[in-house]
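In my numbering, the protein residues as written are 30 to 994.
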């Protein structure tokens with residue numbers, strides 16, 4: 030403190046520079062600086078303030094800024110309380126106050142504190158009072174401790190006089206609320222379901238009492254989890270704590286609380302809580318007091334309930350006594366029997382009849398034990414103490430077993446005379462046999478002790494052998510950084526000699542980046558006195574760094590510890606080999622699944638090709654009747670449709686399907702496919718549809734949407750083993766929530782959830798279920814492509830898919846798709862769909878065909894000419910642009926393939942749109958990764974293989990829209 034004064038800037042202090050201070054001030058300052066007791070002096074007209082180091086602790090955050098400042102400015106908040114005493118001291122009158130309460134602000138908030146101090150006048154060289162001197166001791170801790178102790182005593186006395194549990198709760202919470210000046214205190218009990226809490230006992234001041242039944246979940250999962258583990262929940266400010274459920278607390282006008290849980294047999298059963306409407310800085314003493322009050326309240330409540338239970342149980346005593354396995358008996362004060370339970374008759378084979386203790390000892394107790402039994406009983410009668418003896422009782426079979434007999438006297442409250450004995454005889458025969466075996470064991474132990482030195486020497490030799498031969502690095506070290514012993518493994522692993530290791534600090538061979546981890550582990554071990562594990566890198570004599578796994582354990586002396594280190598290099602190499610083997614296995618499984626898939630696809634395509642080839646061969650016959658000719662043509666058409674559907678499914682599995690989005694009503698589509706789902710899942714699975722929104726439109730590929738529903742339904746069916754309940758729920762959402770750690774998406778969404786009552790999915794597999802070829806089913810029962818299709822369709826459609834599952838709790842898959850308003854063009858699309866079988870006339874319409882494949886190009890131009898269209902054919906995008914540049918008005922529409930060498934059909938379409946905005950473009954493709962990943966880019970898309978009617982209808986529709994057809 031002296032150094033602080035010497036370096037202080039006194040230019041703004043009312044005291045001035047120290048060299049100008051009068052001798053009296055210097056003397057007092059020297060006195061207080063050399064004292065360990067808190068002191069200060071206030072000097073001069075403005076009472077400049079000087080204090081010692083002990084008083085700095087009382088100042089708190091006001092130090093060191095208070096040095097040399099004005100007394101009034103430092104303690105402005107308590108000036109009205111202490112100024113009369115200051116005035117008296119400056120008038121020459123000393124004062125003394127003991128445990129004076131003051132409301133101080135020295136830590137950033139108001140707090141009540143108590144002080145014992147004296148104010149004394151200080152005179153200058155002229156004898157005039159020039160200042161005042163104070164010696165002070167803060168007694169806050171003592172006062173609060175005394176108050177808390179007084180509160181505990183009064184609470185204990187108040188609760189001890191009550192017998193009703195509800196009255197005990199009410200008295201406790203009121204006393205605690207008044208003492209802490211809290212806005213609310215209460216006692217609540219958790220119901221048997223473990224999910225709701227009943228608040229029936231509450232004291233409130235300035236807020237509404239909390240009465241009723243509440244869901245534990247409304248107070249936040251983190252808070253309830255901590256209380257279920259038995260931890261007291263303390264919160265100084267709910268508004269500043271993001272872990273709290275702000276809405277719940279705001280509704281009950283609370284911003285600070287302490288909640289002390291009662292956990293019995295691992296179950297959260299009750300809570301005693303204290304609430305403040307505003308933020309409150311809880312002290313550890315307040316929390317301890319609340320916990321103590323809670324403990325006393327619970328003890329009193331349990332005592333009252335136990336007494337109530339005891340009163341009820343006394344009426345059932347005899348029935349209960351018959352149920353216990355011991356012999357229970359009652360006699361009067363003289364030893365005349367009044368009750369023996371059923372166990373007596375079961376063991377002795379004799380029906381109970383009233384008799385005396387002496388008669389029982391004479392006829393049922395072993396002859397060698399009878400006299401000792403009666404002597405013990407008579408001594409207990411004489412002294413009024415416990416009757417206790419061990420004797421043997423004869424069984425119905427004539428055998429004797431050892432029993433421990435214990436009886437307690439019940440005395441007349443008025444006279445003190447024994448009026449009744451309550452006792453029990455417990456079978457201890459097996460214990461007696463064990464005691465005999467123990468005595469024999471002790472004798473053997475004495476024999477072993479005789480050879481102890483020899484055995485210790487042998488064990489020492491074994492230990493030294495282990496020290497020398499083990500591959501683990503063993504060492505004894507201290508916390509100062511030195512090792513006092515190392516085994517030979519250090520030299521084998523690291524190359525350093527024993528002398529090098531013992532003479533140099535072990536920090537020298539620890540990797541610099543690992544020093545922090547090592548020191549933290551050693552400090553933790555030193556504090557907890559428990560073994561600790563950690564890893565670091567150790568320098569070898571050749572300059573390499575080796576990873577070492579350590580287990581360190583403290584010695585009882587607190588100065589040293591034992592370290593065991595293991596070279597992790599080989600272990601990590603084996604671990605890497607295992608990971609590579611597991612990855613190879615996964616690849617093998619994927620290849621196997623691919624093989625199964627391609628084999629099935631090849632089989633299906635061969636079947637389809639067989640139909641087409643056979644039909645074509647028959648069509649070549651000139652004498653084929655017209656009816657059979659139409660039948661073979663229809664067979665070829667149907668087979669092409671089936672082949673197109675099969676390739677579409679394969680592209681969906683590969684997430685490369687070019688979707689055909691259209692606007693449709695999800696609830697209407699769900700109702701339409703429900704019958705199909707019933708056929709798929711089987712009659713033993715009940716399907717429930719729950720539609721929470723009407724007219725929920727989305728823009729997506731209808732076929733892929735239905736395929737996704739089927740895949741999720743099949744997955745649910747397999748999880749339920751063909752029996753259970755499948756629920757389909759549709760709802761409209763204001764936004765898409767966060768899924769798998771990814772941020773949600775704004776805008777309206779339609780959520781389609783499929784829930785099952787099946788076995789559930791293990792947590793460690795949830796992150797893999799959408800991976801292609803991943804399956805939790807047995808070999809041969811799934812390729813792992815179903816959920817992959819769902820995921821790919823959702824992502825391509827601007828949505829996502831989420832899964833919630835737990836073992837034994839079933840699984841819920843939720844498909845999110847962007848919600849749209851019903852488009853004006855939807856009716857037009859429907860009209861075209863209904864009139865699709867009508868062939869359009871192409872006369873008067875001019876088409877530029879762009880196709881790089883010779884056969885397809887010739888076929889397309891011939892087909893369009895047969896429909897009446899005028900055509901021109903370009904073999905690539907460059908040639909097409911040249912034709913358009915010469916005269917683009919000669920064409921009404923461009924019909925282009927997507928996948929072509931050089932510029933693709935999409936790039937061509939963009940270029941045409943930029944150069945000739947009025948010229949429509951129709952794209953056609955069997956597959957394009959660009960279409961699959963990015964969509965149609967606003968162009969009409971005709972999927973290969975296409976029918977004549979489809980080509981004509983699409984071309985005519987786009988030319989009508991552009992006004993050129």
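For glycine and all other residues, C-beta sits at the position ideal for the given N, C-alpha and C.
CB of residue i within 8 Å of CB of residue j, strictly
i	j	result
residue 775	residue 728	no
residue 211	residue 66	no
residue 971	residue 983	yes
residue 425	residue 377	yes
residue 145	residue 118	no
residue 229	residue 240	yes
residue 904	residue 886	yes
residue 826	residue 846	yes
residue 896	residue 878	no
residue 415	residue 437	yes
residue 206	residue 232	yes
residue 53	residue 159	yes
Unbroken beta strand (DSSP E) run spanning residue i, endpoints
i	result
residue 714	714-720
residue 567	561-568
residue 359	356-361
residue 762	753-762
residue 367	366-369
residue 453	447-456
residue 134	124-134
residue 80	77-80
residue 143	139-152
residue 429	429-440
residue 288	285-293
residue 919	Neither: residue 919 is in no beta strand (DSSP E) and is coded neither H nor E.
residue 395	Careful: residue 395 lies outside any beta strand (DSSP E) and carries neither H nor E.
residue 68	68-72
Cut-off 6 Å between Cβ atoms - residues of its own chain near residue i, not counting five sequence neighbours on either side
i	result
residue 32	none
residue 226	217, 219, 243, 245
residue 292	259
residue 47	none
residue 781	759, 844
Simplified DSSP assignment, three categories, for residue i
i	result
residue 312	coil
residue 380	coil
residue 92	coil
residue 478	helix
residue 304	strand
residue 539	strand
residue 183	helix
residue 265	coil
residue 835	strand
residue 239	coil
Sequence-distant residues of the same chain with beta carbon closer than 8 Å to residue i, five excluded per side
i	result
residue 534	510, 511
residue 696	720, 722, 723, 724, 725, 759
residue 276	none
residue 499	516, 518
Alpha helix (DSSP H) segment containing residue i, residue limits
i	result
residue 278	275-280
residue 924	No alpha helix (DSSP H) contains residue 924, which is instead part of the beta strand (DSSP E) from 922-926.
residue 553	544-557
residue 250	250-257
residue 348	346-352
residue 386	386-392
residue 53	52-62
Beta-carbon contacts of residue i that lie in its chain and below 7 Å, excluding the five residues immediately before and after
i	result
residue 173	314
residue 608	none
residue 857	Since pLDDT at residue 857 reaches only 42, below the 50 mark, its modelled position is unreliable, and no value is offered.
residue 744	815, 816
In DSSP terms, what residue i is bridged to
i	result
residue 593	503, 580
residue 231	215
residue 173	DSSP lists no partner for residue 173.
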